[in-house]
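Presented below is the structure to which this report refers.
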Amino acid sequence: MKPAPFDYRRPEQVDSAVEVLGTLGSGAKVLAGGQSLIPLVSMRLAHPSALVDINRLRELDYVRVDGDVVRIGALARHARVLADPAAGAAQPLLRQALRLVAHATIRNRGTTVGSIVHADPAGEMTAVLALLGGSLRVRSSRGERNVTAGELFLGPLESDVRDDELAVEAALPVLPPSSGTAFVEVSRRAGDYAVCGVAAFVRLKDDGAVAAARCAYLSVAPTPLVLELTDQAADPRAAGEAARAQVQPEADLHASADYRRALAGVLTERALTQALAAARASGAAAA
Amino acid sequence: MSELIDVVLTVNGVPRPLSIPARRLLSDCLRHDLRLTGTHVGCEHGVCGACTVLVDGLPMRSCLLLAVSVEGNDITTVEGLAEPDGALSAVQQAFRDCHGLQCGFCTPGFLTTVTAGLRDNPDPDEQQARDMIGGNLCRCTGYQNIVRAVLRAAELAR
Ligand SMILES: Cc1cc2nc3c(=O)[nH]c(=O)nc-3n(C[C@H](O)[C@H](O)[C@H](O)COP(=O)(O)OP(=O)(O)OC[C@H]3O[C@@H](n4cnc5c(N)ncnc54)[C@H](O)[C@@H]3O)c2cc1C
Ligand code: FES
Ligand code: FES
Chain A
2 MKPAPFDYRR PEQVDSAVEV LGTLGSGAKV LAGGQSLIPL VSMRLAHPSA LVDINRLREL
62 DYVRVDGDVV RIGALARHAR VLADPAAGAA QPLLRQALRL VAHATIRNRG TTVGSIVHAD
122 PAGEMTAVLA LLGGSLRVRS SRGERNVTAG ELFLGPLESD VRDDELAVEA ALPVLPPSSG
182 TAFVEVSRRA GDYAVCGVAA FVRLKDDGAV AAARCAYLSV APTPLVLELT DQAADPRAAG
242 EAARAQVQPE ADLHASADYR RALAGVLTER ALTQALAAAR ASGAAAA
Chain B
31 MSELIDVVLT VNGVPRPLSI PARRLLSDCL RHDLRLTGTH VGCEHGVCGA CTVLVDGLPM
91 RSCLLLAVSV EGNDITTVEG LAEPDGALSA VQQAFRDCHG LQCGFCTPGF LTTVTAGLRD
151 NPDPDEQQAR DMIGGNLCRC TGYQNIVRAV LRAAELAR
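If you read the sequences in order, they're chains A and B. Using my numbering, the first residue of the first sequence is number 2, and each one after it goes up by one. Using my numbering, the first residue of the second sequence is number 31, and each one after it goes up by one.
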């Protein structure tokens, strides 16, 4: 199918993009990589009255590590973020997650910030933002605001970014000392959206005991689900059992609810085992 | 709303002035407006890879790009892969030698993807060759000969 007609704008500067969004009113949408939006528009599941193409906003094409925060501009493509050595070293979960986002060809165009705004409960980067407690900076003609991961995800494909707002940057904390992360998932084919996926974060105390542990889940809830597993994490199998008991996935074309629940348990165990090992290695390297 | 926009697209090195609506997908623009029908359209939502073209050297789905959005970029389609004298590129030659195609519907997407893939990794092992084509579907060959063609193309290019 082909997209229905829409008004098209291609601003060259962030300021003019924000101004254009302010004048177009509701029904306008930002076009970033288009790797989610164009299929929706082509299948006529989305009917934007106007698209504001941000692919010329070079000022937003950046990834940088700024003290204890990794900052990702709205025009940074997944491929670029995945290949950034400084960001990868500062927050290993970025690479662990991005290599699972679609295929390389899609990552060449799709943006990391776009996938966060898109708020797909099967999207790896939504889980990363939720797990690490990151945030999104959005701008409109009314000013600028910071939306935390906790406030951002309202429902499936629904985030708290309004029609006149441009998301300009995602911010993620760098990995603290004596900590580790992991991302594991199961999908039907490499590059497909995950049937279930788990991102894990573990921080250890000086004596090697678990100081904090939590996991974020793909495709088991309408918004990225984060479970607090600090008390169970020292025994990943027990943590997996705890996760299995807590998730309430739904069945769809790709998997039954029971299969998803079983996966949530198994993948929690695997992710925590890997994250614990990474945290111990980071603690040992520091000592 | 559906007014025409004047753009100049650079396709296979040639500037092509066009007057097109914003909603024109790059895949349709190449095939219908420019009559470059080598780029094939299978699923039209990013899944099959048949429509893959190179944008500034990087493989992208032409069915997921608005033509007006890639003004100023260098677009290479399957028609642009052969040598200037018409000789097949190493990748094309390898697909021919290894029977890497049957009906040929998926082939343009494989050729563009592998051309870029071998530029990034000129010496892939078999697993890397499989990963390189992981985003492209072929309903005929069973992939074995395509994997062979990727490895053969790497050999030819050396
Ligand atoms: C075959 C295929 C497989 C895929 N598999 C996966 C996968 O496994 N995991 C995964 O996470 N993703 C997957 N994707 C989606 C991909 O990651 C997209 O790149 C991503 O979801 C959206 O980013 P985009 O830049 O393409 O955004 P677009 O498609 O341009 O936009 C998506 C939505 O976000 C809004 N938006 C985007 N940027 C901004 C901004 N800066 N400010 C305000 N609003 C904005 C748009 O208005 C739109 O509503 C897949 C896509 C395809 C085609
Ligand atoms: S036609 Fe574009 S990916 Fe299938
Ligand atoms: S050769 Fe027929 S689909 Fe690949």
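Glycine is no exception: its CB is placed at the ideal position from the N, C-alpha and C atoms.
Quiz item: Thinking C-alpha only, which one of A:Arg271, A:Tyr218 and A:Glu145 is nearest A:Ala239?
Solution: A:Arg271
Exercise. Taking only beta-carbon positions, decide if B:Pro47 is within less than 7 Å of chain A.
Key: no
Exercise. Report the three-state DSSP secondary structure of A:Ser142 (helix, strand or coil).
Key: coil
Quiz item: Three or more C-beta pairs closer than 8 Å, one from the stretch 122 to 137 of chain A and one from the stretch 219 to 226 of chain A: is that the case here?
Solution: yes
Quiz prompt | Contacts of A:Asp54 in chain B (Cβ-Cβ under 7 Å) | solution = Ser99
Quiz item: Nearest-angstrom Cα distance between B:Pro45 and B:Pro154?
Solution: 34 Å
Quiz item: Heavy atom of ligand 2 less than 6 Å from the Cβ of B:Val71, yes or no?
Solution: yes
Self-check item: 7 Å Cβ cutoff, A:Arg108 in contact with chain B
Solution: no
Self-check item: Below-7 Å beta-carbon distance, B:Arg169 vs any chain A residue
Solution: no
Quiz item: Any Cβ of chain B within less than 7 Å of the Cβ of A:Pro49?
Solution: no
Self-check item: In DSSP terms, what A:Ser136 is bridged to
Solution: A:Thr149 and A:Ala172
Quiz prompt | Within chain A, partners of B:Ile35 - CB distance below 8 Å | solution = Tyr9
Self-check item: Separation of B:Val121 from A:Ile117, as counted between CA atoms
Solution: 37 Å
Quiz prompt | chain A contact residues for B:Ala184, given Cβ-Cβ distances below 7 Å | solution = Ordered by position in chain A, no residue passes the 7 Å Cβ test against B:Ala184, which lies about 17 Å from the chain.
Quiz item: Secondary structure at B:Arg182, three-state DSSP: helix, strand or coil?
Solution: helix
Quiz item: Thinking just about the alpha-carbon of each residue, which of A:Val102, A:Thr106 and A:Asp16 is nearest to the one in A:Asp121?
Solution: A:Val102
Exercise. Would you mind stating whether A:Asn109 and B:Leu88 have Cβ atoms separated by less than 7 Å?
Key: yes
Quiz prompt | Interface partners of B:Glu74 on chain A, CB under 9 Å | solution = Met2, Lys3, Pro40, Ser43 and Met44
Quiz item: Between B:His70 and the rest of its own chain, which residues show a CB-CB distance below 6 Å, the 5 nearest in sequence each way excluded?
Solution: Ala80, Phe135 and Pro138
Quiz item: Can you tell me the Cα-Cα spacing of B:Ala184 and B:Met162, whole angstroms?
Solution: 12 Å
Quiz item: If you draw a straight line from the C-alpha of A:Ala87 to the C-alpha of A:Val66, how long is it?
Solution: 7 Å
Quiz prompt | Proximity of B:Pro47 and B:Val38 at Cβ, strictly below 7 Å | solution = yes
Exercise. Compute the Euclidean distance between the alpha carbons of A:Leu273 and A:Arg100, then round it to the nearest angstrom.
Key: 19 Å
Quiz item: Does the Cβ of B:Gln157 lie closer than 6 Å to at least one heavy atom of ligand 3?
Solution: no
Quiz item: Whole alpha helix (DSSP H) runs in the stretch 158 to 241 of chain A with 4 or more residues, listed along the chain?
Solution: none
Quiz item: By Cβ distance, which residues of its chain are closer than 7 Å to B:Val108, with the 5 residues on each side in sequence left out?
Solution: Gly68, Thr69, Pro138, Leu141 and Thr142
Quiz item: Among the residues of its own chain, which have a CB less than 6 Å from the CB of A:Leu94, if the five just before and after it don't count?
Solution: Val129 and Thr182
Quiz prompt | A:His255: contacting residues in chain B (beta-carbon distance under 7 Å) | solution = None at all; the shortest Cβ gap to chain B is about 14 Å.
Quiz item: Comparing the CB of B:Arg91 with every heavy atom of ligand 2, is any distance shorter than 6 Å?
Solution: yes
Quiz item: What span of residues does the beta strand (DSSP E) with B:Thr67 cover, start to end?
Solution: Run containing B:Thr67: none; DSSP gives neither H nor E here.
Quiz item: If we count Cβ pairs, one from each stretch, closer than 8 Å, do we get three or more for the stretch 166 to 181 of chain A versus the stretch 131 to 141 of chain A?
Solution: yes
Quiz item: Distance, Cα to Cα, A:Thr24 vs B:Arg169?
Solution: 48 Å
Self-check item: Given 8 Å, three or more beta-carbon pairs between the stretch 154 to 168 of chain A and the stretch 178 to 193 of chain A
Solution: no
Practice problem: Measure the alpha-carbon distance for B:Val98 versus B:Ile35 and round it to whole angstroms. | Solution: 8 Å
Quiz item: Got a sec: does ligand 2 put a non-hydrogen atom nearer than 6 Å to the Cβ of B:Cys133?
Solution: no
Exercise. Mind checking which residues open and close the alpha helix (DSSP H) that includes A:Val267?
Key: Ala258 to Ala287
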